[in-house]
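Under the UniProt record's numbering, think of the first position of the sequence shown as 1, with each following residue one higher. Below is one structure; the comments refer to it alone.
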Amino acid sequence: MSKRTMIRVEKLNKSFGDLHVLKDIDFTVKESDVVCLIGASGSGKSTLLRCLNYLELKDSGTVILEDEEIKKETHDFNKVRQKVGMVFQHFHLFPHKTVIGNIIEAPIQVKGQNKEEALEEGRALLKKVGLEDKENVYPSKLSGGQKQRVAIARALAMKPDVMLFDEPTSALDPELVGEVLATMKELAKDGMTMVVVTHEMGFAKEVADWVVYLHDGKIVEVGHPDELFDHPKEKRTQEFLNSVL
Ligand code: ADP
Ligand code: MG
């Protein structure tokens, strides 16, 4: 049986004023795919991710989520956004809430889940990210790696169908990168559909089903990691890889 299409982007264009940031992007993500987006700073990776959960609105083209074209005329972006969890470089935890408070906030406030149920599910998620003993701790007492694992648990609490990660390990001390990547690997193994912007080429090689190389707002090359890393077809991809590997 062929896999369900989770995200389909066709001829997506996005500008900020005169700056044409995304140029005719075509992009498909199937159920339980792990897609790594790579490319130099400023190439449009974050903007592309943000278009996928409507934090940015496209200028033209289509964004289709689970077989439904999403348009601002017909859709409540807040509802649609719940299907697409996002994890940022700088965590964005609520500093005045405990770890479990961070996790249950949206399920209760946005989804109207009852508190007992939200707590039960939140604790299960904390266990999953290896932080069950940190339930009542405030974010300021956590390491960067622990904060990011809480951020992942918080996103998962909304039961998204797709998870987006924007350089989730770039703000971490090197010794803390591994624990976050391990959590993401677990998630991939569980079959979560994931789009990951990353500079961690080792992670991309090991976990990605396919890799997208973005340059100057265009997709230059898409390939399976073995192919793209070891035998890139495009000269630009080769040059980029030479600069980071
Ligand atoms: P990347 O994540 O690959 O580093 P971005 O998507 O953040 O790239 O940015 C692509 C380009 O768009 C950059 O030149 C950036 O300065 C610009 N840009 C991003 N967001 C905005 C914005 N809200 N307003 C104006 N320019 C922006
Ligand atoms: Mg970025």
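Note that CB positions come from ideal geometry on N, CA and C, so glycine has one too.
- The continuous alpha helix (DSSP H) containing Asp230 extends over residues 225-230.
- In this structure, DSSP gives Thr74 a state outside helix and strand, which the three-state scheme calls coil.
- Secondary structure at Arg8: strand, using DSSP grouped into helix, strand and coil.
- Rounded to whole angstroms, the gap between the alpha carbons of Met192 and Lys30 is 10 Å.
- In the three-state reduction of the DSSP assignment, Ser2 falls in the coil class, being assigned neither a helical nor a strand state.
- In the three-state DSSP reduction, Gly202 falls in the helix class (H, G or I).
- Relative to the Cα of Gly112, the nearest Cα in the group Val9, Thr62, Ala157, Thr237 belongs to Ala157.
- Straight-line measurement puts the Cα of His92 at about 10 Å from the Cα of Val150.
- Under the three-state reduction of DSSP, Lys233 is assigned to coil, being neither helix nor strand.
- Ordered by chain, the residues meeting the criterion of a beta-carbon within less than 6 Å of a non-hydrogen atom of the ligand ADP are Phe16, Leu19, Val21, Gly39, Ser41, Gly42, Ser43, Gly44, Lys45, Ser46, Thr47.
- One Cα belongs to Lys235, the other to Ala188, and the distance between them is close to 30 Å.
- Measuring C-alpha to C-alpha distances from Phe203 to each of Leu214, Gly217, Asp190, Pro168 identifies Pro168 as the nearest.
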